[in-house]
Amino acid sequence: MTTKQAIFDAIEQLPEQHLKDVLQYVQQLARTQKLSASNVPTQSSDRLTNFIGAVSHDSLAANLDTNLTPNPFPTSVGEQKSKPLS
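Here the working numbering is used: the first residue of the sequence shown is 134, the next is one more, and so on.
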């Protein structure tokens, strides 16, 4: 027996007052399925999904922390001198 047939058999045994509840539930499931199917991002529409994996490319994220945080103790000629803590 298939699942669909088992559902039909169970519905046939329900009293009329419960059939409206079953119908509303099945309709809600159908609406939910349609909404979730229509909200599936495509490769062209979801920029974040398209970006996933980009950081695994060689130097994209290399030295990211170094570039984002200032050097408190600059040593090269072009860098600013830090003020003494006093």
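Here a beta-carbon is modelled for each residue, glycine too, at the ideal position from N, C-alpha and C. These numbers were taken from a predicted model, which means no experiment stands behind them.
Exercise for the section: Kindly list the residues whose CB is nearer than 6 Å to the CB of Y158, restricted to its own chain and excluding five residues on each side of it in sequence; keep chain order. Expected result: Nothing meets the Cβ criterion.
Exercise for the section: Give a yes or no on whether the C-beta atoms belonging to I140 and L152 are separated by under 8 Å. Expected result: no
Handout entry: Contact under 8 Å by Cβ, V155 with L162
Key = no
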